[in-house]
Amino acid sequence: MEQDSRPHRSRPHGAVIAPIPTRQTASASVVELLDWMEFRTCVEVEAAGLAAQRRTEAHIFRLELALRSFAQQASSGAPAGDHDREFHYASLQLLPTRASNSSWENMAGA
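In terms of my numbering, the sequence shown opens at residue 104 and continues consecutively.
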């Protein structure tokens with residue numbers, strides 16, 4: 104991998120190497136990230152309420168397992184992104200709508 108590049112997902116080509124952002128684009132990325140986090144806060148609070156109403160023991164077990172796996176990976180210093188995604192995917196399974204499934208596919212890069 105080139106020193107000034109990093110991998111990222113790209114449709115329809117899969118993983119590709121992209122240049123590291125310059126200061127100017129990095130600033131835009133921070134703004135975009137903050138916008139995305141604000142949007143997620145708005146949506147996820149309501150989604151959490153719906154998920155709590157629709158939960159089953161199986162869902163709770165899956166969420167606990169994913170959260171425990173994430174915590175173990177993170178505390179060891181190992182990458183924990185897959186476990187974080189599993190937790191969010193398990194949460195979305197409590198919202199069986201086309202919109203939530205489409206959102207997950209977009210976030211996961213499917």
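Cβ coordinates follow ideal geometry from the N, Cα and C atoms, glycine included.
All values derive from a computational prediction rather than experimental measurement.
Assign residue i to one of two classes, buried (16 or more other C-beta atoms within 10 Å of its C-beta) or exposed (fewer than that).
i, result
"T159", "exposed"
"A181", "exposed"
"A193", "buried"
"L166", "buried"
"A169", "buried"
Spatial neighbours of residue i within its chain, please: CB distance less than 8 Å, with the 5 preceding and 5 following residues excluded, ordered by chain position.
i, result
"L198", "A150, L153, A154 and R157"
Please go through the same chain and pick out, in chain order, the residues whose beta-carbon is closer than 7 Å to the beta-carbon of residue i, but skip the five residues on each side of it.
i, result
"T173", "Checking the sequence, you will find Phe at residue 173 rather than Thr. So the list reads A183, H186, D187 and F190, once near-sequence residues are dropped."
Among the options, which residue has its Cα nearest to the Cα of residue i?
i, options, result
"L195", "A181, S179, Q175 and V146", "V146"
With a threshold of 6 Å on Cβ separation, who are the neighbours of residue i within its own chain once the five nearest residues in sequence on each side are excluded?
i, result
"Q176", "A183 and H186"
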